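Participant:
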Amino acid sequence: DQQVKQNSPSLSVQEGRISILNCDYTNSMFDYFLWYKKYPAEGPTFLISISSIKDKNEDGRFTVFLNKSAKHLSLHIVPSQPGDSAVYFCAARGDSWGKLQFGAGTQVVVTP
Amino acid sequence: KAGVTQTPRYLIKTRGQQVTLSCSPISGHRSVSWYQQTPGQGLQFLFEYFSETQRNKGNFPGRFSGRQFSNSRSEMNVSTLELGDSALYLCASSLAGLDTEAFFGQGTRLTVV
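As they're listed, the protein sequences go chains Z and A.
Just so you know, we're using this note's numbering here: the first sequence kicks off at 4 and counts up by one.
Just so you know, we're using this note's numbering here: the second sequence kicks off at 9 and counts up by one.
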């Protein structure tokens, strides 16, 4: 049962433009959401997170928006850079020890 | 501060064999979680250890097991390997398991032939 879904397996965006990655979840017990970035042959790297008590968190070029009523979050990358080309995973945490529920990932390709 | 270290990086095993993977968490972190990543499946949670005790377990068969030592290092074992066990196995460490973020190692790429 996939409780975290990333419905877009891939996204292509021009350098300098905005990348918008979407994530939906089904479990209302999730209280913390994270985005990870993953390059081939490397482990996921933490990017940005948001608590369920907030609706927006910003860190440099990365902003995460949370819509609790819609059970939806999104990651905005502005402006997109070639080095942003990677797989992005959305993850959610509930009250379960040490467990993050991950989406299937979105492959982002930033073209010059 | 050293990151999460996983060894070995790559493994090739034959069906029916067993394998042990190792994970050294960030110093001071006591929670270690294991994940399996296969193409198109994202990361699937295997189990979590804290202070040498398994606190949480995912939906994997009993062939997958683990343990944690007093220095927080963790090992994961897979017995009677199947072709479908071929995957990237990732370990993540955090301070206590419910804190804000988990830090991942580079993973062990297991290929079963």
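By construction, the Cβ of each residue, glycine as well, lies at the ideal position given by its N, Cα and C atoms.
Note that the structure is a prediction, hence the values are computed from the model and not measured.
Where do the N-terminal and C-terminal ends of the beta strand (DSSP E) with Z/Y42 fall, by residue?
Facilitator: It is not in any beta strand (DSSP E) - Z/Y42 carries neither H nor E in the DSSP assignment.
Participant: Considering Cα atoms alone, identify which of A/S94, A/A100 and A/K21 is closest to A/Y57.
Facilitator: Here the closest residue by C-alpha is A/A100.
Participant: Using a Cβ-Cβ cut-off of 6 angstroms (strictly less than) and excluding sequence neighbours within five positions of Z/Y35, which residues of its own chain qualify?
Facilitator: Hits under 6 angstroms: S54 and R96.
Participant: Determine, using beta carbons only, whether Z/W38 comes closer than 8 angstroms to chain A.
Facilitator: With 8 angstroms as the cut-off, Z/W38 does not count as an interface residue toward chain A.
Participant: State the start and end residues of the unbroken beta strand (DSSP E) segment that holds A/G50.
Facilitator: Start and end: G50 to F58.
Participant: Is A/T22 closer than 8 angstroms to A/V121 when the C-beta atoms are compared?
Facilitator: In this structure, A/T22 lies closer than 8 angstroms to A/V121 by Cβ.
Participant: Determine the direct distance from the alpha carbon of A/Q26 to that of Z/L103, and round the result to whole angstroms.
Facilitator: Rounded to the nearest angstrom, the two C-alpha atoms are 27 angstroms apart.
Participant: Can you give the beta carbon distance from A/L98 to A/G74, rounded, assuming they're within the 8 angstroms contact cut?
Facilitator: Incorrect: roughly 13 angstroms between the Cβ atoms, too far for contact.
Participant: Between A/S41 and chain Z, is the shortest Cβ-Cβ distance under 8 angstroms, so that the two count as touching?
Facilitator: Yes, its Cβ sits closer than 8 angstroms to a Cβ of chain Z.
Participant: In chain order, what residues of the same chain lie with their CB nearer than 8 angstroms to the CB of Z/D58, ignoring the 5 residues before and after it?
Facilitator: Excluding sequence neighbours, Z/D58 sits near F68, L69, N70 and K71.
Participant: A/T119 to Z/I56, Cα distance in whole Å?
Facilitator: One C-alpha to the other measures close to 42 angstroms.
Participant: Spatial neighbours of A/E109 within its chain, please: CB distance less than 6 angstroms, with the 5 preceding and 5 following residues excluded, ordered by chain position.
Facilitator: There are no such residues.
Participant: Checking contacts by CB at 8 angstroms: is A/G113 closer than that to chain Z?
Facilitator: Output row for A/G113: interface = yes.
Participant: Examine chain Z for any beta-carbon lying closer than 8 angstroms to the beta-carbon of A/E83, and answer yes or no.
Facilitator: Not one chain Z Cβ lies under 8 angstroms of A/E83.
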